[in-house]
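Undergrad: Residue numbers (numbering that gives the first Met the number 0): 0 to 573.
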Amino acid sequence: MRYSEMFLPTGREVPSDAEVISQQLMIRAGMIRKLTSGIYSYLPLGYLVIRKLEQIIRGEMNKAGAQEVHMPMVQPMELWQESGRWELYGKELLRFRDRHDHEYCLGPTHEEVITSIVRNDIKTYRQLPRNLYQIQTKFRDEVRPRFGVMRCREFGMKDAYSFDADEEGAEKSYEKMFVAYNNIFRRCGLKFRPVEADSGSIGGKYSHEFMVMAESGEDAMVFCEKCSYAANLEKAEVACPERKEIFEDDWLTMEEINTPDVRTIEEVSTFLNVKPQDIVKTLIFDADGKQYAVLIRGDHEVNEIKVKNYLAANEVELASDEIIMKATGSPRGFAGPVNIKIPILLDYSVIDMVNFVTGANKEDYHFKNVNIGRDFRIQAFADFRIMTDQDKCPRCGSDIKFARGIEVGHVFKLGTKYSKAMKAVFLDKDGQEKVMIMGCYGIGIGRTIAAGIEQNHDENGIIWPMPLAPYQVIITPVNVNEEEVMKAAEGLYKSMLDENIEVIFDDRDERAGVKFKDADLIGIPLRVVVGQKNLVQGKVELKIRKNGENKLYPLQEIVQQVKQIILQELQYSE
RNA sequence: CGGGGCGUAGCGCAGCCUGGUAGCGCGCCUGGUUUGGGACCAGGAUGUCGAGUGUUCAAAUCACUCCGCCCCGACCA
Numbered sequence: 000m001r002y003s004e005m006f007l008p009t010g011r012e013v014p015s016d017a018e019v020i021s022q023q024l025m026i027r028a029g030m031i032r033k034l035t036s037g038i039y040s041y042l043p044l045g046y047l048v049i050r051k052l053e054q055i056i057r058g059e060m061n062k063a064g065a066q067e068v069h070m071p072m073v074q075p076m077e078l079w080q081e082s083g084r085w086e087l088y089g090k091e092l093l094r095f096r097d098r099h100d101h102e103y104c105l106g107p108t109h110e111e112v113i114t115s116i117v118r119n120d121i122k123t124y125r126q127l128p129r130n131l132y133q134i135q136t137k138f139r140d141e142v143r144p145r146f147g148v149m150r151c152r153e154f155g156m157k158d159a160y161s162f163d164a165d166e167e168g169a170e171k172s173y174e175k176m177f178v179a180y181n182n183i184f185r186r187c188g189l190k191f192r193p194v195e196a197d198s199g200s201i202g203g204k205y206s207h208e209f210m211v212m213a214e215s216g217e218d219a220m221v222f223c224e225k226c227s228y229a230a231n232l233e234k235a236e237v238a239c240p241e242r243k244e245i246f247e248d249d250w251l252t253m254e255e256i257n258t259p260d261v262r263t264i265e266e267v268s269t270f271l272n273v274k275p276q277d278i279v280k281t282l283i284f285d286a287d288g289k290q291y292a293v294l295i296r297g298d299h300e301v302n303e304i305k306v307k308n309y310l311a312a313n314e315v316e317l318a319s320d321e322i323i324m325k326a327t328g329s330p331r332g333f334a335g336p337v338n339i340k341i342p343i344l345l346d347y348s349v350i351d352m353v354n355f356v357t358g359a360n361k362e363d364y365h366f367k368n369v370n371i372g373r374d375f376r377i378q379a380f381a382d383f384r385i386m387t388d389q390d391k392c393p394r395c396g397s398d399i400k401f402a403r404g405i406e407v408g409h410v411f412k413l414g415t416k417y418s419k420a421m422k423a424v425f426l427d428k429d430g431q432e433k434v435m436i437m438g439c440y441g442i443g444i445g446r447t448i449a450a451g452i453e454q455n456h457d458e459n460g461i462i463w464p465m466p467l468a469p470y471q472v473i474i475t476p477v478n479v480n481e482e483e484v485m486k487a488a489e490g491l492y493k494s495m496l497d498e499n500i501e502v503i504f505d506d507r508d509e510r511a512g513v514k515f516k517d518a519d520l521i522g523i524p525l526r527v528v529v530g531q532k533n534l535v536q537g538k539v540e541l542k543i544r545k546n547g548e549n550k551l552y553p554l555q556e557i558v559q560q561v562k563q564i565i566l567q568e569l570q571y572s573e
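(1) List the residues that DSSP assigns as beta-bridge partners of histidine 456.
(2) Taking contact to mean 3 or more Cβ pairs, one atom from each stretch, closer than 8 Å, check whether the region 502-512 and the region 470-479 are in contact.
(3) For glycine 445 and glycine 216, what's the separation of their Cα atoms in angstroms?
(4) What are the start and end residues of the alpha helix (DSSP H) that includes serine 172?
(5) With DSSP collapsed to three states, give me the class of glutamate 77.
(6) Going by DSSP, what residue range makes up the beta strand (DSSP E) through alanine 637?
(7) Would you mind reading off the limits of the alpha helix (DSSP H) that contains glutamate 59?
(8) Would you tell me roughly how many angstroms separate the C-alpha atoms of methionine 435 and glycine 547, rounded to the nearest one?
(9) Rounded to whole angstroms, what is the Cα-Cα separation between glutamate 4 and leucine 42?
(10) DSSP three-state call for alanine 311: helix, strand or coil?
(11) For proline 553, does the count of other Cβ atoms within 10 angstroms reach 16, so buried, or fall short, so exposed?
(12) Could you tell me which residues DSSP pairs with alanine 381 in its beta bridges?
(13) For glutamine 22, count neighbouring C-beta atoms within 10 Å of its own C-beta (all shown protein chains included) and say buried if the count is 16 or more, exposed if not.
(14) Using the rule of at least 16 other Cβ atoms within 10 Å of the residue's Cβ for burial, across every protein chain shown, is glutamate 568 buried or exposed?
(15) Which value, in whole angstroms, describes the spacing of the CA atoms of lysine 157 and glycine 443?
(16) Alpha carbon to alpha carbon, how far is glycine 438 from phenylalanine 284?
(17) Please return the same chain residues whose Cβ sits closer than 7 Å to the Cβ of aspartate 517, not counting the five positions on each side in sequence.
(18) What are the residues that DSSP puts in a beta bridge with glycine 443?
(19) When we look at the beta-carbon of arginine 376 and count the other beta-carbons within 10 Å, is it buried (16 or more) or exposed?
(20) Where DSSP assigns a beta bridge to valine 129, which residues make up the other side?
(21) Evaluate contact between the region 359-368 and the region 253-273, counting only Cβ atoms and requiring at least three cross-stretch pairs below 8 Å.
(22) Counting along the chain, where does the beta strand (DSSP E) carrying valine 337 start and finish?
(23) Residues in its own chain within less than 7 Å of valine 558 by CB, not counting five upstream and five downstream?
(24) Can you find at least 3 beta carbon pairs, one from the region 213-231 and one from the region 287-299, that sit closer than 8 Å?
(25) Short check: CB of alanine 121 to CB of phenylalanine 425, under 8 Å?
(26) Rounded to the nearest angstrom, how far is the Cβ of valine 407 from that of alanine 450, given a contact under 8 Å?
(27) Rounded to a whole number of angstroms, what is the C-alpha to C-alpha distance between alanine 311 and aspartate 163?
(28) Please give the ranges of any beta strand (DSSP E) in the region 226-305, keeping only runs that are unbroken, at least 3 residues long and fully inside the region.
(29) Determine the contact status of isoleucine 371 and arginine 242, defining contact as a CB-CB distance below 8 Å.
(30) Are there 16 or more other CB atoms within 10 angstroms of the CB of leucine 345, so buried, or fewer, so exposed?
(31) Flag this pair as yes or no: are the beta carbons of arginine 152 and aspartate 140 separated by less than 8 Å?
(32) Check whether the Cβ atoms of phenylalanine 154 and glutamate 18 sit closer than 8 Å, and answer yes or no.
(33) State the DSSP-derived secondary structure class of phenylalanine 549, mapped to helix, strand or coil.
(34) The ligand FAD and leucine 491: does the residue's C-beta get closer than 7 Å to at least one heavy atom of that ligand?
Below, the structure is given as structure tokens:
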């Protein structure tokens with residue numbers, strides 16, 4: 000396309016509210032514009048990239064045997080009541096009424112809709128398995144949208160749903176998607192990694208997240224240096240340590256100590272001159288209205304998700320001051336396991352500790368020389384903490400590493416959570432009625448693009464990998480007022496169009512510097528510069544955006560040269 | 001939901017404290033000179049100062065209310 004006719008508003012200045020580099024560059028490159036908090040428009044350049052990604056996704060999904068559908072964004076309350084999520088989903092679910100006062104929501108995801116479709120039209124095992132997907136706009140009323148298109152309220156998502164007759168089949172469906180996802184992100188030219196993850200409110204047995212490696216990523220992950228173990232930090236399992244033998248003879252007499260206004264681990268540690276590792280932290284959690292005390296070694300942090308999953312609770316949060324007062328009889332900062340009236344959950348980190356310090360459930364007092372079994376009894380013993388870099392791989396015991404990433408895809412084994420609640424059943428070979436086994440598989444479209452930019456940019460702008468590039472080449476005549484130059488450039492433009500090369504012809508009457516800056520900013524992989532000096536010798540210049548390589552080619556050969564590079568780079572990503 | 005900040009030209013900002021009717025840079029328009037990494041000179045256009053109410057002779061400026069946006073936290077696929 001001719002640049003002079005394009006709607007491509009690039010900008011020199013960084014918008015004041017853009018924090019992450021991908022957001023800044025998407026705005027400066029004229030890809031997106033914000034409408035309101037967490038809601039963006041895609042301008043032509045941005046939408047071209049979106050469509051490139053969508054086509055890659057479609058290709059891989061179809062190849063994996065999934066079929067594309069399109070479901071409504073507006074969904075009736077009744078459907079969500081069937082699955083139970085009308086009550087459970089919380090404020091992220093945007094609800095509203097129509098003129099007849101019927102209640103609806105904007106779909107944050109489509110398990111309900113797809114299940115309602117499938118249950119009506121799939122009746123027998125002969126129709127299974129099936130995998131249906133769509134690329135569609137979702138709405139989640141995020142508490143705090145941020146990072147531009149990375150975490151917004153309205154966003155494009157590819158979501159697929161598989162239905163199987165048995166566990167074995169479900170496993171296969173999951174595997175297929177897992178493979179397809181690897182292909183998709185590889186073809187996009189992204190550095191990524193699948194990691195084990197928590198299933199969150201979608202529910203289900205287990206899941207993998209696809210993380211694009213990026214320092215600015217919102218998610219922390221852990222991976223093993225030796226084996227293939229990789230997990231989201233919130234999921235990363237801390238192995239149960241080998242139990243040491245505990246000798247009751249070593250137990251010292253428990254003592255109550257006056258610790259005025261000493262609350263935090265740090266304060267206790269300083270005041271009593273003990274290491275944080277010798278203190279046991281007692282945290283009071285409220286799980287769906289019931290309180291639990293979680294005990295953990297002083298230098299560790301509790302992983303609320305593990306607590307939530309262990310208790311199979313819908314919502315878990317640290318208790319408020321009033322609830323702490325009620326549960327322990329003391330203000331915040333003095334909770335302890337001795338004589339507490341609520342159930343005690345003990346983290347692995349505490350199991351081998353003897354003669355430790357805890358709160359005394361009494362304002363301004365702590366106990367020392369507390370021991371498990373003698374001074375209190377526990378209800379459960381499990382992994383409740385956040386992994387640290389001191390921990391070892393839970394699979395093979397080797398050292399682990401931490402990294403940050405952006406979650407661009409998530410594959411879930413749902414099991415029968417929705418099919419059971421919504422009665423998606425079929426008849427098997429024996430004429431027995433069975434519940435379908437489901438899986439669901441999502442890819443954040445805009446987020447993947449943003450993640451791609453986070454990984455591929457320099458101080459001058461975006462550097463598109465060929466498969467995602469909105470255009471493959473930009474032709475830059477140095478001076479549009481020089482007849483020879485323009486004639487040659489026009490000729491190149493035509494031949495490239497004839498060769499189906501995606502090309503921008505920068506025919507604007509701008510200084511060369513301006514055009515170079517814009518070309519770099521919008522990240523076109525190849526730039527062909529047509530200038531008087533080289534043209535005299537029948538040559539044009541080809542500059543590669545990603546490595547800055549700059550070479551002269553005869554005018555007659557440049558189109559084939561460009562074509563070859565494009566094919567090579569697209570193939571490389573297959 | 002708690003804490004903080006911001007809202008003035010298309011964009012980035014100054015002016016507000018100490019009230020007197022709005023300015024800078026970029027961009028935009030016209031003319032000229034330029035023309036290989038965001039040119040220069042000359043001229044020009046553009047603002048319900050987020051909205052409302054109040055105080056005042058007079059409000060971008062002071063007060064109150066509302067709205068919007070952003071940041072930190074809580075929460076979250």
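Backbone N, C-alpha and C fix where the C-beta goes; we use that ideal spot for every residue, glycine too.
The structure presented is a predicted model; accordingly, all values stated were derived computationally and were not measured.
TA: On the basis of the data shown:
(1) Locating residue 456 in the first sequence gives position 457, where the first residue counts as 1. Paired residue(s): Ile461.
(2) The region 502-512 is in contact with the region 470-479.
(3) As a working mapping, residue 445 is identified with position 446 in the first sequence. As a working mapping, residue 216 is identified with position 217 in the first sequence. Each residue's Cα considered, the two are about 14 Å apart.
(4) Position 173 of the first sequence, counted from the start, is the residue given in the question as residue 172. Segment 166-186, the alpha helix (DSSP H) holding serine 172.
(5) Taking the first sequence and counting its residues from 1, the one referred to as residue 77 is at position 78. The answer is helix: DSSP assigns glutamate 77 an H, G or I state.
(6) Only positions 0 to 573 of the chain appear in the structure, and residue 637 is not among them; the question remains open.
(7) On the first sequence, residue 59 is found 60 positions in, with the first residue counted as 1. 43-62 is the extent of the alpha helix (DSSP H) around glutamate 59.
(8) Working through the first sequence from its first residue, we reach residue 435 at position 436. Working through the first sequence from its first residue, we reach residue 547 at position 548. Roughly 54 Å separates the two Cα atoms.
(9) Walking along the first sequence from the start, residue 4 turns up at place 5. Walking along the first sequence from the start, residue 42 turns up at place 43. Looking at the two C-alpha atoms, the distance is approximately 14 Å.
(10) As a first step, residue 311 must be located in the first sequence, where it is residue number 312. Here alanine 311 carries a coil assignment [DSSP, helix/strand/coil].
(11) As a working mapping, residue 553 is identified with position 554 in the first sequence. Counting Cβ neighbours within 10 Å, proline 553 comes out exposed, since fewer than 16 surround it.
(12) The sequence position of residue 381 within the first sequence is 382, counting from 1. Residue pairing for alanine 381: DSSP places it in a beta bridge opposite Asp346.
(13) On the first sequence, residue 22 is found 23 positions in, with the first residue counted as 1. With 16 or more other Cβ atoms within 10 Å, it is buried.
(14) Position 569 of the first sequence, counted from the first residue, corresponds to residue 568. Counting of Cβ neighbours within 10 angstroms places glutamate 568 among the buried residues, the total reaching 16 or more.
(15) What you label residue 157 is simply residue 158 of the first sequence in a count that begins at 1. What you label residue 443 is simply residue 444 of the first sequence in a count that begins at 1. Each residue's alpha carbon lies about 7 Å from the other.
(16) The residue labelled residue 438 in the question sits at position 439 within the first sequence. The residue labelled residue 284 in the question sits at position 285 within the first sequence. A straight line joining the alpha-carbon of glycine 438 with that of phenylalanine 284 spans about 32 Å.
(17) Here the question's residue 517 lines up with position 518 in the first sequence. Excluding residues within five positions, the ones whose Cβ falls inside 7 Å are Thr9.
(18) For this step, residue 443 is matched to residue 444 along the first sequence. Met156, per the DSSP bridge assignment.
(19) Against the first sequence, residue 376 aligns to sequence position 377. Taking all protein chains in view, the Cβ of arginine 376 is surrounded by fewer than 16 other Cβ atoms within 10 Å, so the residue is classified as exposed.
(20) Residue 129 sits at position 130 when you count from the first residue of the first sequence. Position check: residue 129 holds arginine in this sequence, whereas valine was assumed. Bridge partners of arginine 129: Phe162.
(21) Output reads yes: the region 253-273 touches the region 359-368.
(22) Counting from one through the first sequence, the residue named residue 337 turns up at place 338. For valine 337, no beta strand (DSSP E) encloses it, and the DSSP letter there is neither H nor E.
(23) Counted from its first residue, the first sequence places residue 558 at position 559. Result list for valine 558: Leu491, Ser494, Met495 and Glu498, in chain order.
(24) Of all C-beta pairs linking the region 213-231 to the region 287-299, fewer than three are shorter than 8 Å, placing the two stretches out of contact.
(25) Within the first sequence, numbered from 1, the residue matching residue 121 stands at position 122. Within the first sequence, numbered from 1, the residue matching residue 425 stands at position 426. Reading off the sequence shown, one finds isoleucine at residue 121, where the question assumed alanine. Taking 8 Å as the Cβ cut-off, isoleucine 121 and phenylalanine 425 qualify as a contacting pair.
(26) Sequence index remark: in the first sequence, residue 407 carries index 408 (1-based). Sequence index remark: in the first sequence, residue 450 carries index 451 (1-based). The pair is a contact, with the Cβ atoms about 5 Å apart (cut-off 8 Å).
(27) Along the first sequence, one-based indexing puts residue 311 at 312. Along the first sequence, one-based indexing puts residue 163 at 164. So the two alpha carbons sit approximately 26 Å from each other.
(28) Counting whole runs of 3 or more residues, the region 226-305 contains the beta strand (DSSP E) stretches 229-231, 254-257, 279-286 and 289-296.
(29) Position 372 of the first sequence holds residue 371. Position 243 of the first sequence holds residue 242. One thing to note: isoleucine 371 has its Cβ no nearer than 8 Å to the Cβ of arginine 242.
(30) Taking the first residue of the first sequence as position 1, residue 345 is located at position 346. Buried is the label assigned to leucine 345, since at least 16 other Cβ atoms lie within 10 Å of its Cβ.
(31) The residue given as residue 152 occupies position 153 in the first sequence. The residue given as residue 140 occupies position 141 in the first sequence. In contact: arginine 152 and aspartate 140 (Cβ atoms closer than 8 Å).
(32) Counted from its first residue, the first sequence places residue 154 at position 155. Counted from its first residue, the first sequence places residue 18 at position 19. Contact annotation: phenylalanine 154 and glutamate 18 have beta-carbon atoms that are not nearer than 8 Å.
(33) For this step, residue 549 is matched to residue 550 along the first sequence. Residue 549 is actually asparagine in this sequence, not phenylalanine. It is a strand residue.
(34) Among the ligands in the structure shown, none appear at all, so the ligand FAD cannot be discussed.
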